[in-house]
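Chains as they are written, first to last, in the UniProt record's numbering: chain A, 1 to 252; chain B, 1 to 252.
Just so it is clear, CB atoms sit at the ideal spot from N, CA and C, and this is done for glycine as well.
Protein chains: 2
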Amino acid sequence: MTRASSRRPGPPTRTERGIPEATVARLPVYLRALTALSDSGIATASSEDLATAAGVNSAKLRKDLSYLGSYGTRGVGYDVEYLRYQIAREIGVTQDWAVVIVGIGNLGHALANYSGFGTRGFRIVALLDADPALVGERIGDMEVRDFAELEHIVETDRVSIGVITTPAGPAQEVCDRLVAAGVTSILNFAPVVLSVPDGVDIRKVDLSIELQILAYHEQRKSGEVALPQVPELPATNGLAPDLPAVGGGVSA
Amino acid sequence: MTRASSRRPGPPTRTERGIPEATVARLPVYLRALTALSDSGIATASSEDLATAAGVNSAKLRKDLSYLGSYGTRGVGYDVEYLRYQIAREIGVTQDWAVVIVGIGNLGHALANYSGFGTRGFRIVALLDADPALVGERIGDMEVRDFAELEHIVETDRVSIGVITTPAGPAQEVCDRLVAAGVTSILNFAPVVLSVPDGVDIRKVDLSIELQILAYHEQRKSGEVALPQVPELPATNGLAPDLPAVGGGVSA
DNA sequence: CCGATTTTGTTCTCACGTTCACAAGCTCCT
DNA sequence: AGGAGCTTGTGAACGTGAGAACAAAATCGG
Ligand SMILES: NC(=O)c1ccc[n+]([C@@H]2O[C@H](COP(=O)([O-])OP(=O)(O)OC[C@H]3O[C@@H](n4cnc5c(N)ncnc54)[C@H](O)[C@@H]3O)[C@@H](O)[C@H]2O)c1
Ligand SMILES: NC(=O)c1ccc[n+]([C@@H]2O[C@H](COP(=O)([O-])OP(=O)(O)OC[C@H]3O[C@@H](n4cnc5c(N)ncnc54)[C@H](O)[C@@H]3O)[C@@H](O)[C@H]2O)c1
């Protein structure tokens, strides 16, 4: 099977060319914490200070940073500006990435109005929508353009990141168009599972899911160990035979 | 959280009263997939079908579902309606949870206008803002109310979930007020690390972080193994001595 | 120049999460 | 009725991540 892939028997994945995904997800948090410290005029910070600012354990922070290299000074700590630059470089936000937003409804408007992206390594180069009534509307210093211009814009501005804020229905179709146009990273707000070819990264932001996760824990808090729990399994079976009459009998 | 852990030394965490966090985070995805199947008039689905719809591996899906109980039928699959109800019950969205949104700016407006929460187990009971100019504004069938009414509303409507969409500055203060008022679950959109007492759950949605994670992978794609990489470590040290002259000498 | 002190970088161990693989169990066909 | 064919539920192997602990390096005071 996958035995042929055993290159290094002893050393466990040296730094080589890969930072653990869990670490990658925390680097932006450290970056933000460092920026805050820098803005406060703090020049040096220990792993303990940084960990507190980032809301993590200091051992974890040190291990995370160690994947980037040895940027601290023992007995002293980390130079805030220097480390900030190193992390920004590692993430790739030392220069701006061009971004298009597709679907300028409620959420698209909010994103278009948000000023926080420009200061964090991203530049919104186009707001696209398929609705002719929206095309031409000005939002800040930008104008909503027709979704048909996608391919042209992606090529001209070398866009590699796309944000989908359309309804769930057209999301896959929009996604396919983005990929075909050359976009290789997608941030999806629509509540659907998008499928993309290899080589394209996709991340989703789903507010309903976040709330439902909170609800799960909330339920546990109130009921603690109580919970009606319902007849977990009726001794024999009784699964398919008797539907629990929740949403009414489904046709089909 | 890590309190009552050492109860059973031998058996590996029987179903008891705890579903792995990673599984909890996927249950809402399964719930949505089941709802979609149900809407399509499909009465039964195999783990393979479900896994495809949810965008996960079928073995993972089966293991996840096994934490809830034995709700499938071997050789057949899962009854869509039945399983949907069981998951909804486990998550706790068989009845609605009351939610307040604090900070009715760009993002707050978008959330207030969103109709998707009501159908997924949540009921927005109040839109709160500290800005007198906003108070009284109507959004859909709701009216923006003064943040000062928070305590009253939380008590009256038994609110347990709060959403923070204020700027980063006042977020911790708003968070403290929410907690003091009795809210025990918080969804935070402000780009800050909030600290809350034990017993309060907090989740964050951070768009800049999502984009930066995409940027990291994007950078890897283009440069592959290239990347200027910069003098990773100057042979000796050279860390603290020579600041990289990025932000100039800070007064610390 | 040396030892005390501080803090990093790393190693080790344990816990958690994912995937494979297959016996157990169900339905349907002959 | 009995076997063939599916599909679930789960034990076991494997991989990743978290945290404790500590040796290695750097500063500072004497
Ligand atoms: N608004 C929220 O707070 C919120 C919360 C959670 C999730 N979401 C999700 O985010 C997405 C957007 O939500 P919204 O409230 O902004 O919806 P919306 O209906 O206000 O906006 C959707 C926009 O997409 C455009 N659009 C539709 N089809 C298109 C296509 N094929 N190509 C280009 N543009 C197209 C529409 O013209 C519209 O302007 C939805 O999937 C929604 O489920 C929104
Ligand atoms: N808009 C976006 O697309 C977007 C994207 C990413 C992150 N965010 C974050 O989400 C948050 C909200 O963004 P926004 O664009 O809606 O900001 P915004 O400035 O439009 O709205 C903030 C609202 O909060 C209210 N507010 C301020 N202090 C308050 C207090 N103490 N109590 C109650 N209300 C208070 C303000 O009156 C205002 O209405 C910010 O933290 C922002 O960084 C927004």
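Return helix, strand or coil for Ala133/A, following the three-state DSSP convention. Per DSSP, reduced to three states, the secondary structure at Ala133/A is coil, with no helix or strand assignment.
From Gln172/B, Gln219/B, Phe117/B, Ala88/B, residue whose alpha carbon lies closest to that of Val159/A: The shortest C-alpha separation from Val159/A is found at Gln219/B.
Measure the Cβ-Cβ separation of Glu149/A and Leu128/A and say whether it is below 8 Å. Against a cut-off of 8 Å, the Cβ pair of Leu128/A and Glu149/A comes out as a contact.
Could you tell me which residues DSSP puts in a beta bridge with Val99/B? Under DSSP, Val99/B takes part in a beta bridge, and its partners are Ile124/B, Ile161/B.
Taking only runs that begin and end inside the stretch 29-75 of chain A, name each unbroken alpha helix (DSSP H) of 4 or more residues, in chain order. Segments of the alpha helix (DSSP H) lying fully in the stretch 29-75 of chain A: 47-54, 58-66.
Does chain A have any CB closer than 8 Å to the CB of Thr184/B? Among the CB atoms of chain A, one or more fall inside 8 Å of the CB of Thr184/B.
Answer with yes or no whether the minimum CB distance from Ile213/A to chain B is below 8 Å. Interface residue (Cβ-Cβ distance to chain B less than 8 Å): Ile213/A is classified as such.
Boundaries of the alpha helix (DSSP H) in which Leu111/B is found, first to last residue: First-last of the alpha helix (DSSP H) with Leu111/B: 106-113.
So the candidates are Ala171/B, Met142/B, Ile19/B; which of them puts its Cα closest to the Cα of Ile91/B? Ranking Ala171/B, Met142/B, Ile19/B by CA distance to the CA of Ile91/B puts Ile19/B first.
Which of the three DSSP states is assigned to residue 333/A in this structure? Nothing can be reported for residue 333/A: it is not among the residues displayed for chain A, which extend from 1 to 252.
Is Asn113/A near ligand 2, with its Cβ less than 7 Å from a heavy atom? Indeed, a heavy atom of ligand 2 lies less than 7 Å from the Cβ.
Pull up the distance between the alpha-carbon of Ala51/A and that of Ala190/B, whole angstroms please. Each residue's Cα considered, the two are about 19 Å apart.
Can you say whether Ser208/A is buried or exposed, counting buried as having 16 or more other CB atoms within 10 angstroms of its CB? Under this definition Ser208/A is a buried residue.
Judging by CA-CA distance, which residue of Ala130/A, Val196/A, Thr156/A, Gly121/A is the nearest neighbour of Asp146/A? Cα-wise, what sits closest to Asp146/A is Ala130/A.
Measuring CB to CB, does Thr202/A end up less than 8 Å from Leu211/A? The amino acid at residue 202/A is misidentified as Thr; the sequence shows Ile. No, Cβ-Cβ distance for Ile202/A and Leu211/A is not below 8 Å.
For Ser5/B, which three-state DSSP category applies? Unreliable placement is indicated for Ser5/B, whose pLDDT of 34 sits below 50; the coordinate value is still reported in the next sentence. Residue state, collapsed to three classes: coil.
Can you pull the chain A neighbours of Pro20/B, defined as C-beta to C-beta under 9 Å? Simply none; closest approach about 12 Å.
At 8 Å on the CB atoms, spell out the chain B contacts of Glu210/A, in chain order. Those within 8 Å of Glu210/A in chain B are Leu187, Arg203, Val205.
Quick check: what's the CA-CA separation for residue 328/B versus Val200/B? The structure shown does not extend to residue 328/B, since chain B spans only 1 to 252, so no value can be given for it.
List, in chain order, every chain A residue whose beta-carbon is nearer than 7 Å to that of Arg32/B. Proximity of chain A to Arg32/B at the Cβ level (cut-off 7 Å) is accounted for by Pro191, in chain order.
Sub-8 Å separation of Asp64/A and Thr35/A beta-carbons: No; because the gap between Cβ atoms is not below 8 Å, this pair is not in contact.
If you drop the 5 nearest sequence neighbours on each side, which residues of the same chain put their C-beta closer than 8 Å to that of Thr44/B? Cβ neighbours of Thr44/B beyond the five flanking positions: Val76, Gly77, Tyr78, Asp79, Val80.
Using a Cβ cut-off of 7 Å, pull out every chain A residue sitting near Tyr114/B, in sequence order please. Going along chain A in sequence order, the residues near Tyr114/B (Cβ under 7 Å) are Asn106.
Taking Gly77/A as part of the beta strand (DSSP E), name the residues at either end of that continuous run. Taken as a continuous stretch (DSSP letters only), the beta strand (DSSP E) holding Gly77/A covers 77-79.
How about Pro28/A: is its C-beta nearer than 8 Å to some C-beta of chain B? By this cut-off, Pro28/A is an interface position.
Measure the alpha-carbon distance for Ala110/B versus Ala133/B and round it to whole angstroms. So the alpha carbons of these two residues sit roughly 18 Å apart.
Checking contacts by CB at 8 Å: is Ser66/B closer than that to chain A? With 8 Å as the cut-off, Ser66/B does not count as an interface residue toward chain A.
Pick helix, strand or coil for Leu214/B, following the three-state DSSP scheme. Of the three classes helix, strand and coil, the one that applies to Leu214/B here is helix, per DSSP.
Would you call the CB atoms of Thr165/A and Gly118/A closer than 8 Å? No. Outside cutoff.
8 Å Cβ cutoff met for Val183/B and Gly169/B: Using a Cβ distance threshold of 8 Å, Val183/B and Gly169/B do not count as a contacting pair.
By Cβ distance, which residues of its chain are closer than 7 Å to Val144/A, with the 5 residues on each side in sequence left out? Excluding residues within five positions, the ones whose Cβ falls inside 7 Å are Ile104, Leu127, Asp129, Leu134, Val135, Gly136, Glu137.
So which residues of chain A does Ser160/B contact, with C-beta pairs closer than 7 Å? Under the 7 Å cutoff, chain A gives Glu218.
What residues from the stretch 38-70 of chain B come within 8 Å of chain A, judged by C-beta to C-beta, listed N to C? With the criterion set as a beta carbon lying under 8 Å from some beta carbon of chain A, the members of the stretch 38-70 of chain B are Ser38, Gly41, Ile42, Ala43, Thr44, Ala53, Ala54, Gly55, Gly69, Ser70, in sequence order.
Taking the alpha-carbon positions, what's the Arg123/B to Ala54/B distance? Here the alpha carbon of Arg123/B sits roughly 25 Å from the alpha carbon of Ala54/B.
Looking at Val174/A and ligand 1, is the gap between the Cβ and the nearest heavy atom below 7 Å? True, at least one ligand heavy atom lies under 7 Å from that Cβ.
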